[in-house]
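Chains as they are written, first to last, in my numbering: chain V, 1 to 397; chain Z, 1 to 419.
Glycine included, each C-beta is placed from N, C-alpha and C at the ideal position.
See below:
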């Protein structure tokens, strides 16, 4: 039992270390270090050596001292055996090994002696690997987007994998793409339009949805069940089946190329989910509070303004953020309805940039950063509300 | 008492609902029905514009006489396809100025030139010349005449409102346009996109459900692909996968994994040789599916995580006592607890992936074997400029969607409300 789990620990941990080191190498390649070989086998052997040394030294030394000396030793080995590499790369390797050996702390011979341990060990390293994997897979495109916006077209063509930012240039040179998209491509205007459309959509949606949701949640009327089921069904219909009739009607009414037309469509498409989310919350408010309001002589309007809205601010925040996100990210309708650069939203503007094959990619990426950053910041700041909005509304997406 | 409380309540309810219902009806329900109407018509993109009579006014001086002027009205029918009936024209002249030798179709009355042109065929053009002179033989202020805008109107048919119908569009959809391939591509994309997103979502949720350093950070990061704008993300991916100087291809070539860059988004098939068998992989479609999975697994993750956190802890404690390992715990405790949410997720995500437009459109535009039904709506309607065909494809989508919804509500409609 002990022997089996020992072998498994050795294999799982050294594979894990090798993969991490290879990922670090690949990331270093993107910073301009010229590696052409991953040396997977060699690194695997080294990792195995490291883990074996670690396990057999056992508890003879102080843990911190032990991992420090081991990391230093193996960093030198790794650096020596890999192709010539800059200092920061070796420092990275050192930190990785330090972190890794620290993780190994509990895997002493006593721990390996426990029951059912081998499966657990595999699982532990698998989760460690999964954390790295998910972080990498998710963040890599964002990283590329961000870094590319600081490069120049010629530098990208000469060496497409060198994505390092040249800090020796002055600030104006580094942020050149951003200056260009704001000056030449008029992105300031598009940010304004996008904000105007998104905030406008939120406000109008709330204005329409709060009364409707209140009626569905509280009042009795003919056709109530029909209405509340049809809300969800309507929500399931995709924008693409609405596009052609809306396009024709909006063309004939002259509503294309106008922000107002966009506002109407965005509001209508987000209304069902807003009503659905709000009425669920309204139902959870105790009826007695409203009855007290009624006795005090409030009418329905007063009850909504003075009782319902203050009590359901969290839900309203969720709905607002969710609707804002949808409106900010929306692409299909803005593609269909906006031809005139004066009325573009950010999404449409970036799409317009790609229409010209000559547009350098760093401008495109700078534009992408400009449209992505606000929504990500809002998401991080209001995560709690947006997540509850997403869960409630994410039947769609 | 005629005004009972319940009547007041009803009335209030309808007043509160009216604006929302009207808006949703106009923008969502009306277009769905309008699709049916349009899909039976032969309408192109250019027919949408209602034909209008147009006029351009040019004022010219006449040599040797400043009391006379020539006005040229350049008249035309804006449409090249439809005619305009009963075209009427009128233009105002200043005081003391009168036309000379007026065209037969026109008359001069109370300082106004009025003309009746009758019918204009499609693409009709005419230059109407009118000479005017000052009654008192004084000089004419030509600027003043220029500033007057003539009035022109006529009757024309709105092609969308006529009642000639045809079955041609549906015939085209089902017979001429490779409908079977369109449908297979759509289902292939939908099914694998949904399945992949849910599988990855299970992994991610299982991961975040453990305790580790930086867990909340991980949870926020996992939602990034879903929260980010599709335009930015799709273009980043196109750059990443670009065959000429994309990062992925350059890295692979640099490390000697592949010899030549692969056009992941532009190549329809990749032929793989496994043990002498030739396998044809739909490369571009697979790449698009990967993007889809990457973008939408956060949603599955969110749902599954919420469900995982609701599983009672004592189930796992009991398993610990019995000595079950983590894999066994997953298959015998976790999985049975989340099957309900998984089935709901699968249905909902299936419907939404089925409708997905932006992602494919931005990545490949429907080229190299990635043409799905929603992309086909756009292509027919706006690339081929055949609105009727586009509508017909929309109708196919709506019908399939209704079928899915019926299945959904029959299978798990009631369960969905409980969770």
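DSSP, reduced to helix, strand and coil, places residue 103 of chain Z outside both helices and strands of the structure shown, so it counts as coil.
Residue 261 of chain V sits away from residue 321 of chain V, with the two beta carbons spaced by 7 angstroms or more. Leaving aside the five residues that flank residue 68 of chain Z on each side, the residues in its chain whose CB is nearer than 8 angstroms to its CB run, in chain order, 62, 100, 131, 132, 133, 134, 140.
Interface flag for residue 331 of chain V against chain Z is set, since a Cβ pair is found closer than 7 angstroms. Restricted to the region 19-101 of chain V, not a single beta strand (DSSP E) segment is unbroken, complete and at least 3 residues in length.
Look at residue 226 of chain Z here: in three-state DSSP terms it is helix.
In the DSSP assignment, residue 358 of chain Z falls within the alpha helix (DSSP H) that extends over 358-363. The C-beta distance from residue 35 of chain V to residue 18 of chain V rounds to 15 angstroms, too long to fall under 8 angstroms, and the pair is not in contact.
Going by beta carbons, residue 368 of chain V and residue 235 of chain Z fall inside the 7 angstroms limit. When Cβ-Cβ separations below 7 angstroms define contact, residue 78 of chain Z makes no contact with chain V.
For residue 10 of chain Z, the chain V residues whose C-beta falls within less than 8 angstroms of its own C-beta are 219, 220, 221, 222, listed in chain order. Per DSSP, reduced to three states, the secondary structure at residue 128 of chain Z is strand.
Within the region 192-248 of chain V, no run of beta strand (DSSP E) reaches 3 residues while sitting entirely inside it. In terms of beta-carbon proximity, residue 189 of chain V stays away from the interface with chain Z, with every pair separated by 7 angstroms or more. A Cβ-Cβ separation of about 4 angstroms places residue 94 of chain V in contact with residue 75 of chain V under the 8 angstroms criterion. Counting along the chain, the unbroken alpha helix (DSSP H) around residue 348 of chain V starts and ends at 346-355. CA-to-CA, the gap between residue 296 of chain Z and residue 288 of chain Z works out to about 12 angstroms. For residue 118 of chain Z, the uninterrupted beta strand (DSSP E) run begins and ends at 112-120, by DSSP. For chain V, the residues of the region 215-236 of chain Z that bring a beta carbon within less than 8 angstroms of one of its beta carbons are 218, 220, 221, 222, 223, 224, 225, 226, 227, 228, 229, 230, 231, 232, 233, 235, 236, in chain order. The C-beta distance from residue 147 of chain V to residue 163 of chain V rounds to 5 angstroms, short enough to fall under 8 angstroms.
Collapsing the DSSP output to three states places residue 67 of chain Z in a strand.
Look at residue 271 of chain V here: in three-state DSSP terms it is helix. Against residue 272 of chain V, the close residues of chain Z are 24, in the order they occur along the chain (beta-carbon pairs closer than 7 angstroms). Counting C-beta atoms within 10 angstroms of its own C-beta, residue 282 of chain Z has 16 or more neighbours from the protein chains shown and is therefore classed as buried. Rounded to whole angstroms, the Cβ separation of residue 54 of chain V and residue 104 of chain V is 6 angstroms, and the two are in contact under 8 angstroms. In the three-state scheme derived from DSSP, where H, G and I count as helix and E and B as strand, residue 160 of chain V is classed as coil. CA-to-CA, the gap between residue 314 of chain Z and residue 27 of chain V works out to about 43 angstroms. Residue ranges of uninterrupted beta strand (DSSP E) with 3 or more members, entirely inside the region 246-285 of chain Z and ordered along the chain, are 269-274, 277-282. Counting along the chain, the unbroken beta strand (DSSP E) around residue 89 of chain Z starts and ends at 84-92. Taking the beta carbon of residue 35 of chain Z as reference, the chain V residues within 9 angstroms of it are 241, 242, 244, 245, listed in sequence order. A check of alpha carbon separations from residue 73 of chain V across V/363, V/86, V/90 identifies V/90 as the nearest. Judged by DSSP in its simplified three-state form, residue 98 of chain Z adopts strand. Closest option to residue 405 of chain Z, judged by alpha-carbon separation, among Z/52, Z/349, Z/179: Z/349. By the neighbour-count definition (other C-beta atoms within 10 Å, threshold 16), residue 61 of chain V is an exposed residue. Going by DSSP, residue 53 of chain Z is part of the beta strand (DSSP E) stretching over 53-62.
Residues of the region 362-386 of chain V with a C-beta atom less than 8 angstroms from some C-beta of chain Z are 364, 365, 367, 368, 369, 371, 372, 375, 376, 379, 380, 383, 386, listed in chain order.
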